[in-house]
Amino acid sequence: MGLSLQTEIAGLKLKNPILSASGCFGYGEEATEFFDINQLGGMVTKSITPLPRTGHPPPKVVETASGMLNAIGLTNVGLDRFIMEKLPFLQKLSCTVIVNIAGSTVNDYTMLAGKISSLEGVDAIEVNISCPNVDSGGLEFGASPAEAAKVIRAVKKASRVPVIPKLSPNVTDIVAVAKAVEDAGADAVSLINTLVGTAIDIQTTRFKLSNRFGGLSGPAVKPVALAMVYKVASAVKIPVIGVGGISSGDDVVEFLMAGAKAVQIGTACFAEPTVFLRVIDELSTYLKKNNYQNVNDIIGAVKDG
Ligand SMILES: Cc1cc2nc3c(=O)[nH]c(=O)nc-3n(C[C@H](O)[C@H](O)[C@H](O)COP(=O)(O)O)c2cc1C
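Numbering (this note's numbering), first residue to last: -7 to 297.
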């Protein structure tokens, strides 16, 4: 029997557990000049808000040791242009399409979920309750179990497709938030979004980001993400999607062993747009070398040292 990379998240069949992360892959079409994105298990769009957002003024991105800080400010085309200009491309894809939504109020989230989940070609909704780079909404919802549950309960009522809250690492107890959204009806959870950070230019005495603070991502956050994925996967029954600092097949194996059923890759694709294909290849090589025939056999396989 050949090697199977197939996995399932909330009833969605993924041909492999590798997805693109929100905000690092545009609306999909941008990546087609580099590779056929149907080779992915799935893709997640940039966060869509009710109205277009221009985001923060530059500088929006700073390089850090083993990572980057970004304060994009949820720049996106808004719901109407998403439907008119971006959706037709997504509808032609054979990989799983997850649309990420963000809002400032519960009403924003339910309106977006209701409209977007009824569009053909949208397989699931990822709910960004964890953006550290906006003044209202975002983290306000994701930082408290009760607020997170309120948004997700409402989104779940409005949505016709599976609902996947995206959790923030900028909390005291991410397990409590995960349990709260599970109780509120979430079909899966993805984690982590970026960690709040900053950087200062000592020559000019200015913050390096116009927004002062940004979100840290890339290899620097991987150990944090991995620990949180393990804790959450051990505490909830719904599937966990691991995100944070992944750039190799070995990284993916670690997240799967920690209990993730799938993973997303963000920052790594800026330097290497085809990173996904290399990672799928490396994952297959690891599984074959270690005599696994099914990727699901390593999910949650970690043991105490
Ligand atoms: C430039 C940039 C923009 C991002 N935009 C979004 C976004 O719009 N919505 C969201 O939920 N996450 C967003 N993220 C977070 C990523 O999806 C991911 O959770 C995080 O970067 C950690 O994964 P990574 O280390 O593989 O990048 C963004 C990250 C970066 C670096």
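Note that CB positions come from ideal geometry on N, CA and C, so glycine has one too. Quantities reported herein were computed from a predicted structural model and do not represent experimental measurements.
My output table needs one value for residue i: the three-state DSSP class, helix, strand or coil.
i	result
K107	helix
V53	strand
S12	strand
L4	strand
T(-1)	strand
R73	helix
E25	helix
L187	strand
D296	coil
I192	strand
N288	helix
V163	coil
S39	coil
I64	coil
L279	helix
S182	strand
T88	strand
L208	strand
R152	coil
F262	helix
Does any heavy atom of ligand 1 sit closer than 8 Å to the C-beta of residue i?
i	result
I238	yes
M60	yes
L85	no
E22	no
K38	yes
V221	no
I272	no
G207	yes
E264	no
G251	no
Q256	yes
T56	no
L248	no
S122	yes
N92	yes
L201	no
Nearest to residue i by alpha carbon, out of the options?
i	options	result
R270	F26, P215, I192, S151	F26
M220	P265, S160, I108	S160
Q83	G34, A13, G206, P50	G34
V54	C16, D115, T41, A191	A191
E274	E77, E139, D296, I238	I238
V235	K229, A227, A260, D28	A260
G117	G70, L248, I40	Here the sequence assigns Ile to residue 117, which means Gly is not the residue at that position. Nearest of G70, L248, I40 to I117, Cα basis: I40.
A150	S122, L248, V114, Y101	Y101
E264	G(-6), L6, S12	S12
K200	S86, I272, P51	P51
V89	E0, G70, G20	G20
K280	V245, G292, G258, K253	V245
A176	R152, N286, P137	P137
L104	R152, G210, V181	R152
I10	C87, T67, A172, D72	C87
V267	L6, D242, E0	D242
I257	P157, L32, L71, T24	L32
Note down the Cα distance separating residue i from residue j, rounded to an integer number of angstroms.
i	j	result
G47	P231	32 Å
I166	V224	7 Å
I194	K142	43 Å
R145	E77	30 Å
S(-4)	S276	9 Å
V255	A170	17 Å
N120	I75	19 Å
V147	G106	8 Å
N30	V91	16 Å
K295	G3	28 Å
L187	L43	26 Å
T164	A140	14 Å
V98	D28	36 Å
L37	N286	For the record, residue 37 in the displayed sequence is Thr; it is not Leu. Going by the C-alpha atoms only, they are around 28 Å apart.
E112	F81	12 Å
K229	T197	48 Å
A227	I93	25 Å
A172	V155	14 Å
Three or more C-beta pairs under 8 Å: does that hold for the segment 205 to 219 against the segment 50 to 65?
Proximity of the segment 205 to 219 to the segment 50 to 65 meets the contact definition, three or more beta-carbon pairs being nearer than 8 Å.
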